[in-house]
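These protein sequence lines map, in sequence, to chains C and W.
Residue 1076 is where the first sequence starts when you use my numbering, and the numbers rise one by one after that.
Residue 162 is where the second sequence starts when you use my numbering, and the numbers rise one by one after that.
Backbone N, C-alpha and C fix where the C-beta goes; we use that ideal spot for every residue, glycine too.
This one's a predicted model, so the numbers in the text were calculated from it and none came from an experiment.
Since the structure comes first, as structure tokens, the remarks are kept for the end.
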Amino acid sequence: MKIVVCVKQIQNPEIPPVQFRVDEEKKAVIPVSGLSPVLSPYDEQAVEAALRIRDAAGEGSDIEITVVTIAPAGARAGIKAALALGADNAVLLSEPTFDGSGGYVTARNLAETIRAIGDVDLILTGRQAADWDAGVVGLGIAEILDIPAITFACDVQVTDGVVTVQRVLEDGIETVEADLPALVTISNELGKVRYASMRETMRAAKKPIRDWSPEDIGLDEAQVGFKAVRHVLERLYIPINDIECEYIEGDTAAEMAASLARRLREAELV
Amino acid sequence: MTENINGVLVFVEMVDNQPVELGLEMLGLARRISDSHGGTVTAVVFGTNLEGVGDNLIAYGADQVLINDNVIFDNFHAEAWLPDLSKIVAEVAPAIVLIGHSLSGTDLAPRLAFRLDIDVATGCESIEIVNGRPHMTRSCFGGLAREVVTFNKTPAVATIRSKTQQALTPMMERAGEFKFVSSILDLNSLRSRVIKREREKTVGVKLESAKIVISGGLGLGGPEGFNTLNEIAELVDGAVGASRAACDLDWCPRSYQVGLTGRTVAPELYLAVGISGASHHMAGCGNAKTIVSINSDPAAAIFKSSRFGIVGNCQEVMPALVEEIKKLKA
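This is the structure:
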């Protein structure tokens, strides 16, 4: 069975907000210097979901896990991280012509890559990338490939050509199944991911990475990057909403609590 | 001269045969857009036992209501809803399609966009029409930034965050018409099957409609920290929320999660207890009227958004606060 996990490497989303800056003129994020990119956390959980499926199948299973990423700057940190976690091989779209973001173009590039890999049974993605937070690429790939998609998974299992997914609802959990091939997007409720073991990290250096051109995925240059982008980023900014905080003082917790309760009553909040 | 646009279609989600608040908020937005830029407001509802919903949505701002009343639509299932919704959107051909930024809406909207070969902006907080084009402002980078996007194709699909728009005051005398549409869904075409649904029972006030929300995070030190939060919620008729970190540790039900991938609340008072104020959390509570926070770290980001703050150990302050609020309520 072939599993493809689509991953993205991004600037660490856990940096202190004061370090996050944008260039409004260029409408771009200013990278924090000296900071290594990380796998988008939801994508890391998608890799984990694939590894759990392989673990469940036991030793000697025929499950092959391929990670796919678009990284026009040639940056490989994302796939290296995924390979060190245990994925078997990777496909990288690194040519500059792939530059230019947007859900529509990204989904098509990934869908055509998956088609070119061939005979893929299960595609896993994060529920959204933790930079632009759009959450459209996974569903877009499924629509383009005309396969079923199940979103916001917290558990994924595969038995006899059927994927069974527990998915998160606002007020509970739903169990949904689909025949393979299918696509599943993974939510943070999947839980803790494993650490890369020393053994896998060593092995990862030798795992095959295929670097594909637009031609390799059956598209021409005008279809894969900036030229194909259909949205216009009109503005990118950081909203300012700092307000003056009135700190409630007191020598003991009880004093502070009493003082806060009084202020809340004065402000007619309780 | 104002350039006119070709109307707004609002997909209104139903829960227990009633339109959700977010649906009414989006109708308010659609009405404001149409009043200044022309076009009609079409509301679309899927569900069962939908008598009366037509008049109700007209009162909230719709000119036209399309009702797809069918037992298939009793529970949300994106794949099953897509053929009918795609057909309706193609026929109405509005300039903008609004869908709620709920888990259902975020499951549905990208599918709709790709199926119709149009584009979608998720998690929008506002839409302005500039030179006849919708400019959609959405939160990104975990709530740290905002981007404004426009699309080259119409209609533009946008999912709208809860509590970012004002619903209109309903006017029963507003004119409009509603009609029932029939489903084109072929059940045999479905490739995914819902096997089971387990819903948590909501005790007390719903998070989204609570005037007071008390949320807990890692600073609570463990699941027992939620006891004092529950006590206060009961005393003030509020609801309890949580940070993602607390939910991920199973300190509370996952449905408590407020934030980017959880629920969005905008209460009069948001009491953040032991929550540092990471941007992905603020994405779910930043529109609260007043934020009050208790945190042991004086540098916690949450204080930057707070009207009142206590720098202190919340495990000590909270039991004392319960006693003080009991006195107030006595």
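Within chain W, LEU489 have C-beta atoms less than 7 Å from the C-beta of ARG1340 (chain C), given in sequence order. In the DSSP assignment, PHE339 (chain W) is bridged to W:VAL226. Taking 8 Å as the threshold, the shortest C-beta distance from ASN167 (chain W) to chain C does not fall below it.
Only residues of its own chain outside the window of five on either side were considered, and among them MET479, PRO480 and VAL483 have a CB closer than 7 Å to the CB of THR389 (chain W), listed in chain order.
Looking at C:VAL1251, C:ARG1190 and C:ILE1323, the one whose alpha-carbon comes closest to that of VAL1166 (chain C) is C:ARG1190. For MET1331 (chain C), the residues of chain W that pass the 8 Å Cβ criterion are ILE471, GLY473, VAL478 and ALA481, in the order they occur in the chain. Closest by C-alpha distance to GLY445 (chain W), out of W:GLY382, W:LYS340, W:LEU432 and W:THR425, is W:THR425.
In the DSSP assignment, TYR1179 (chain C) falls within the alpha helix (DSSP H) that extends over 1178-1192. Within the same chain, PRO1256, ALA1257 and LEU1258 come within 7 Å of ILE1222 (chain C) by CB-CB distance, once the 5 residues on both sides are set aside.
Around HIS296 (chain W), the beta-carbon contacts reaching into chain C at under 7 Å are GLU1309.
Chain-ordered, the chain C residues with CB closer than 8 Å to the CB of ARG415 (chain W) read VAL1243 and GLU1264. For the region 246-273 of chain W, residues whose beta-carbon sits nearer than 7 Å to a beta-carbon of chain C comprise SER263, LEU264, THR267, ASP268, PRO271 and ARG272.
Residues of the region 1283-1301 of chain C with a Cβ closer than 8 Å to any Cβ of chain W: none. Flagged as an interface residue toward chain C: LYS465 (chain W), by a C-beta distance shorter than 8 Å. For HIS442 (chain W), the enclosing alpha helix (DSSP H) starts and ends at 440-446. Secondary structure in the region 1189-1226 of chain C: the beta strand (DSSP E) runs of 3 residues or longer, each lying completely within the stretch, are 1197-1201 in chain order.
In the DSSP assignment, the residues bridged to CYS301 (chain W) are W:ALA306. Going by DSSP, ARG1285 (chain C) is part of the beta strand (DSSP E) stretching over 1284-1286. One Cα belongs to LEU1294 (chain C), the other to THR203 (chain W), and the distance between them is close to 39 Å. Interface with chain C (8 Å Cβ-Cβ cutoff): LYS324 (chain W) is excluded.
With fewer than 16 other CB atoms across the displayed protein chains lying within 10 angstroms of its CB, THR1234 (chain C) is exposed.
Not flagged as an interface residue toward chain C: CYS285 (chain W), since no C-beta distance is shorter than 8 Å. The alpha-carbon of ASP278 (chain W) is positioned some 9 Å away from that of TYR1179 (chain C). Taking C-beta separations shorter than 6 Å and ignoring five residues to either side along the sequence, the partners of SER287 (chain W) in its chain run THR298, following chain order. Using beta-carbon distances, TYR1270 (chain C) does not count as an interface residue toward chain W, since no partner is under 8 Å.
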